[in-house]
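Beneath this line is the structure, given in structure tokens, with notes to follow.
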Amino acid sequence: MPQPAAVPAPAAPVLQVEALTLAFGGVKALTGVGFSVQPGSITAVIGPNGAGKTSLFNTISGFYRPSAGRVLFEGADITRTPAPQRAKLGLARSFQNIALFRGMTVLDNIKLGRHAHLKTNVLEALFYVGRARREEAELRRDVEERIIDFLEIDHIRHAPVSALPYGLQKRVEMARALAMQPKVLMLDEPVAGMNREETEDMARFILDVRDEWGVTVLMVEHDMGMVMDLSDHVVVLNFGQVIAQGAPAHVQADPEVIRAYLGAGDVGDLRRKLRGEQTVAGVA
Amino acid sequence: MDWAYLFEISLTGVASGGLYALAALAFVLVYKATRVVNIAIGEMLMIGAYLFFTFSATFSLPIWAAVIGAVIGTGLLGAIVERTMIRPLLGEPPISVFMVTVGLASVLVGLVEIIWTADQRRLPEFLPNTPIMVGEAFLAPKVAYGALIAAGLIGAVLLVFRFWRGGVALRATASDQAAAYSMGINVPRVFSLAWVASAMIAAVAGIMVGAIGGISSTMGVFGLSVLVVVIVGGLDSVLGALIGGVFIGLVEALAGTFLGGEYKLLATFIVLVLVLMVRPYGLFGTHEIERL
Numbered sequence: 379m380p381q382p383a384a385v386p387a388p389a390a391p392v393l394q395v396e397a398l399t400l401a402f403g404g405v406k407a408l409t410g411v412g413f414s415v416q417p418g419s420i421t422a423v424i425g426p427n428g429a430g431k432t433s434l435f436n437t438i439s440g441f442y443r444p445s446a447g448r449v450l451f452e453g454a455d456i457t458r459t460p461a462p463q464r465a466k467l468g469l470a471r472s473f474q475n476i477a478l479f480r481g482m483t484v485l486d487n488i489k490l491g492r493h494a495h496l497k498t499n500v501l502e503a504l505f506y507v508g509r510a511r512r513e514e515a516e517l518r519r520d521v522e523e524r525i526i527d528f529l530e531i532d533h534i535r536h537a538p539v540s541a542l543p544y545g546l547q548k549r550v551e552m553a554r555a556l557a558m559q560p561k562v563l564m565l566d567e568p569v570a571g572m573n574r575e576e577t578e579d580m581a582r583f584i585l586d587v588r589d590e591w592g593v594t595v596l597m598v599e600h601d602m603g604m605v606m607d608l609s610d611h612v613v614v615l616n617f618g619q620v621i622a623q624g625a626p627a628h629v630q631a632d633p634e635v636i637r638a639y640l641g642a643g644d645v646g647d648l649r650r651k652l653r654g655e656q657t658v659a660g661v662a
Numbered sequence: 071m072d073w074a075y076l077f078e079i080s081l082t083g084v085a086s087g088g089l090y091a092l093a094a095l096a097f098v099l100v101y102k103a104t105r106v107v108n109i110a111i112g113e114m115l116m117i118g119a120y121l122f123f124t125f126s127a128t129f130s131l132p133i134w135a136a137v138i139g140a141v142i143g144t145g146l147l148g149a150i151v152e153r154t155m156i157r158p159l160l161g162e163p164p165i166s167v168f169m170v171t172v173g174l175a176s177v178l179v180g181l182v183e184i185i186w187t188a189d190q191r192r193l194p195e196f197l198p199n200t201p202i203m204v205g206e207a208f209l210a211p212k213v214a215y216g217a218l219i220a221a222g223l224i225g226a227v228l229l230v231f232r233f234w235r236g237g238v239a240l241r242a243t244a245s246d247q248a249a250a251y252s253m254g255i256n257v258p259r260v261f262s263l264a265w266v267a268s269a270m271i272a273a274v275a276g277i278m279v280g281a282i283g284g285i286s287s288t289m290g291v292f293g294l295s296v297l298v299v300v301i302v303g304g305l306d307s308v309l310g311a312l313i314g315g316v317f318i319g320l321v322e323a324l325a326g327t328f329l330g331g332e333y334k335l336l337a338t339f340i341v342l343v344l345v346l347m348v349r350p351y352g353l354f355g356t357h358e359i360e361r362l
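Laid out in structure tokens, this is it:
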């Protein structure tokens, strides 16, 4: 059946995860995880604690090597590509526990995001000529006029990052990731530990990153309200497996998800379910 | 108290502290980037001095060529050590890596004794011999030039690491490896870079130390004083290494003059104990490293 003209054909996914399995010794953190991220979308990965969300992130950004499966970025297999190369390709990430360079200023931190794209060599840098001057000027313009302005952190640009409150540090981390000129921005719990107001600010930034900067967003998040409001596509992980994925409304209605994650008293349910499965497996 | 004499002694102390500061900088560079305590820093310095000796005395190369040869050769040694001994131990407990560098020190001493024998040797004279007067005070020319070269090199290294991308990458790696890695910084290459740069700096320090006091297979004990310097100054603090170097140089000169040469080491180690008592963040104490 031909597709209705009003619905554009889905573009090739910018990021694809295929049958990803990650094991630490005998413990399987991920089992056959697969999903794809459409360009210009906001995709969220949710799941209870220990479901493997951060392991998944670390595998996609190249910190862990999967024992099976593939990661495709713009159609190319990057499963064996080292993390710094992935950064150059346009895969930027933030960390669950803020990983800023302490002892440096906000501006220095953000400018470091551009590191992978700079080509200045040691002599040019020392004498500040040629490419060094050009790259620095360009970087400064981009960082100062676009990124700092966009994230509303102009007032703290020369402050040392370690002195900043938590919410602002998260914002600086996002600024640094944007300085990497990413195609896909991976955010690991962008609003964890934030109050209502900070969460709303961050949600607005995430939407703007997608709408104004054209950057695809892949995030891990616990804040259900935010995930359901922002996301186009939600992937639910539980015990290292994808138990559901689709549009927020679809996922929210999925009985499996409700049982595993959203429903009240889910911890007891989960335990019972897990024990039941193990017993069955043991008997079999 | 003869103030002019005291000034002269202090001047000598500060000047010889310059070489401590240089060697300490080599140590701190590796520690900062890779968290490896390189106990073999004194022996790497010795290799630099012996390579210089070989190039200048045995092969009769001009001094500048011998210096370049020694620096490159020692840098190569640093690269080999990092690649074959340190990198395979990535993720192992710090004490294991530490013990490997202890072993490395013995291996290097053995190597020197096999190749060059255990005899003491003198480096060819390459520094001007005219005494240097600072006001009324006399300063031994070799010590003075050693300090000048140390200061110049330290300045250059600091500039490079302040303004060059690779230096920024090194500081970023020292601050947060995971973040640096995800930022497109090739962390393993930064590790190599730190070892090579450290070995090269050590080579220059070794040549200067050798020029002042001659070279032998035991000149690695210079590394002991360097260790005191970096513990006093703070293992990962460049500024600490510089201040610590000058400070220990001063203590040694004063102790050597007013107490006698045999009290030099005693005095430095008393300083070390006192510093550790006030700031008890010893070698493997905590992750909190104090700066002087």
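Just so you know, the sequences run in chain order A and B.
With the first sequence counted from 1, adding 378 to any position gets you our numbering.
With the second sequence counted from 1, adding 70 to any position gets you our numbering.
Here a beta-carbon is modelled for each residue, glycine too, at the ideal position from N, C-alpha and C.
- Contact of A/Pro417 with chain B by beta-carbon distance below 8 angstroms is absent, the smallest such distance being about 21 angstroms.
- If you look at A/Glu396, you'll find it in the beta strand (DSSP E) that goes 393-402.
- Straight-line measurement puts the Cα of B/Gly310 at about 13 angstroms from the Cα of B/Ile224.
- Per DSSP, A/Lys561 lies in no alpha helix (DSSP H) segment and is marked neither H nor E.
- Short of 7 angstroms from the beta carbon of B/Ala149, and not among the five residues preceding or following it, lie these beta carbons of its own chain, in chain order: Ser262, Trp265, Val266.
- Taking the CA atoms as reference points, A/Phe441 sits about 34 angstroms from A/His533.
- Sequence-distant Cβ neighbours of A/Asp455 in its own chain, meaning closer than 8 angstroms and more than five residues away, are Arg448, Val449.
- Interface with chain A (7 angstroms Cβ-Cβ cutoff): B/Ala248 is included.
- In the three-state reduction of the DSSP assignment, A/Pro444 falls in the coil class, being assigned neither a helical nor a strand state.
- Nearest neighbour of A/Val598 by Cα position, chosen from A/Val405, A/Ala407, A/Phe473, turns out to be A/Phe473.
- Proximity to B/Ala74 across B/Ile165, B/Ala269, B/Ala220, B/Ala207 peaks at B/Ala207, based on C-alpha coordinates.
- Contact of A/Phe479 with chain B by beta-carbon distance below 7 angstroms involves Ala242, Ser245, Asp246, Ala249.
- Judged by beta-carbon spacing, B/Val172 lies beyond the 7 angstroms limit of B/Ser287, meaning their Cβ atoms are not closer than that value.
- A check of alpha carbon separations from B/Lys334 across B/Val343, B/Arg235, B/Ala323 identifies B/Ala323 as the nearest.
- Under the 7 angstroms criterion on CB atoms, B/Met116 is classed as non-interfacial with respect to chain A.
- When only Cα atoms are considered, A/His493 and A/Lys561 end up about 16 angstroms apart.
- Sequence-distant partners of B/Val299 (beyond 5 residues in either direction) whose C-beta falls short of 6 angstroms from its own C-beta, in its chain, are Tyr90, Ala94, Gly314, Gly315, Ile318.
- Within the region 587-615 of chain A, the complete alpha helix (DSSP H) segments at least 4 residues long are 602-608, listed from N- to C-terminus.
- Secondary structure at B/Phe129: coil, using DSSP grouped into helix, strand and coil.
- The beta-bridge partner set that DSSP reports for A/Ala622 consists of A/Val614.
- A/Thr409 and A/Pro426 have their C-alpha atoms some 16 angstroms from each other.
- A straight-line Cα-Cα distance of about 38 angstroms links B/Val177 and A/Gly481.
- Counting along the chain, the unbroken beta strand (DSSP E) around A/Ala407 starts and ends at 405-415.
- As computed with DSSP, A/Asp455 is found in a beta bridge with A/Leu450.
- In the structure shown, A/Leu529 adopts coil according to DSSP, grouped into three states.
- Contact check between the region 115-123 of chain B and the region 232-242 of chain B: fewer than three CB pairs, one atom from each, fall below 8 angstroms, which does not count as touching.
- Inclusion of B/Gly284 and B/Arg192 in the CB contact set at 7 angstroms is warranted, their separation being smaller than that value.
- When B/Gly83, B/Val345, B/Gly88 are compared, the shortest CA-CA separation from B/Gly276 is found for B/Gly88.
- B/Glu332 counts as exposed, since fewer than 16 other beta carbons sit within 10 angstroms of its beta carbon.
- With contacts defined as CB atoms closer than 7 angstroms, A/Ile488 and A/Arg554 qualify as a contacting pair.
- Cβ neighbours of B/Tyr251 within its own chain (closer than 7 angstroms, five residues either side excluded): Val257.
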